[in-house]
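Read the structure below first, then the notes.
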Amino acid sequence: MPVPSLRGKRIVVIGGTSGIGEAVVESALAEGATVIIGSSNDANVRATVAKFGGESTGLVINVREEDSVAAFFGTVGAFDHLVYTAGDWGHSGPPVPFAEIDLRGAAAGYDVRYWGALACIKHAQGRLAADGSVTLTDGVLAHRPRKGVAVMSSMLGAIENVARALSVELAPLRVNVVCPGIVLTERWKKMPEEQRNKMTATQPLPRCCEPGEIAEAYLYLMRGGFITGQTLIVDGGRTLV
Ligand SMILES: NC(=O)c1ccc[n+]([C@@H]2O[C@H](COP(=O)([O-])OP(=O)(O)OC[C@H]3O[C@@H](n4cnc5c(N)ncnc54)[C@H](OP(=O)(O)O)[C@@H]3O)[C@@H](O)[C@H]2O)c1
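Numbering (my numbering), first residue to last: 170 to 410.
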């Protein structure tokens, strides 16, 4: 059997203009894939396509609006793999005691990361190759909750559960999740190094994950023809301690 490869595959990366998604774009292109980059800001899309050139193209998509999602996938046409890394950080403010929770505000935390992902899968479905895949993104709070982040933790768990359910419903399309620990993207680069070091100090691997390292997990799940309904935790052992 030939070694699985993404060479010649068409891959859509929603959230591909920054951070984890951008690293997936770079790694997929390096393996010989064609990549379609989607995000909500036209300038970001243009800049990312200009940066990578070659086999990359880009289109604006606002995952908060189903019409925008439908138009995006209508333009993209047939493809092999969907990677979803879109996320907004607006809802990950300081932890709030549960008695003080703003329920409407908390519900909005599902819009981009959960409902946006589902909208993309809904409109990508008929266009994805039968032997293709969907890879979603959650985070270690799903497995290692702490006080004040119950809603965020449950939203991340919902991403894992819907992936399990859709891997049954949409088979043979494969549906998986990458669960990152702390990845050194723009958000964490803004934090002083000393503070970052404190956050990772007790991990078995006491450092942040490099974007290229987390990208490998997405590439593996896209290539891996016999894996579905699974969550791949890449956290330097953070969930163990
Ligand atoms: N970095 C970490 O340590 C870490 C750890 C665990 C989980 N995660 C999760 O992994 C995901 C990616 O993280 P990251 O660090 O790569 O974040 P990031 O650098 O902020 O990237 C987020 C991406 O989502 C896009 N986006 C935001 N709103 C959108 C919308 N309405 N429609 C379409 N695209 C939208 C952004 O582009 P535009 O602004 O152009 O729309 C950007 O490309 C997030 O969900 C994050 O919470 C990250």
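C-beta: ideal position from N, C-alpha, C; glycine also.
query, result
"CB of L401 within 8 Å of CB of V347, strictly", "yes"
"Cβ contact (3+ pairs, closer than 8 Å) linking the stretch 321-338 and the stretch 360-380", "no"
"Own chain, CB closer than 7 Å to I351, minus 5 neighbours either side, in chain order", "W357, M368, T369, C377 and C378"
"Proximity below 8 Å, CB of T397 to CB of V344", "yes"
"Distance CB(G308)-CB(P349) smaller than 8 Å", "yes"
"Cβ contact (3+ pairs, closer than 8 Å) linking the stretch 238-256 and the stretch 210-218", "no"
"Cα-Cα separation, P263 to I270", "12 Å"
"Check whether L114 and L297 have beta carbons under 8 Å apart", "In the structure displayed, the chain extends from 170 to 410; residue 114 sits before or after that span and is not available."
"Residue range of the unbroken alpha helix (DSSP H) whose run includes A255", "Taken as a continuous stretch (DSSP letters only), A255 belongs to no alpha helix (DSSP H), as it is neither H nor E."
"Three-state secondary structure assigned by DSSP to F248", "strand"
"Contacts around R176, its chain only, beta-carbon distance under 8 Å, and the 5 residues preceding and following it disregarded", "E200, G201 and A202"
"Beta-carbon proximity list for G184, same chain, < 7 Å, skipping 5 on both sides", "G190, S208, Y253, T254, A255 and G256"
"Under the three-state DSSP convention, the category G243 falls into", "helix"
"Heavy atom of ligand 1 within 7 Å of P361 beta-carbon", "no"
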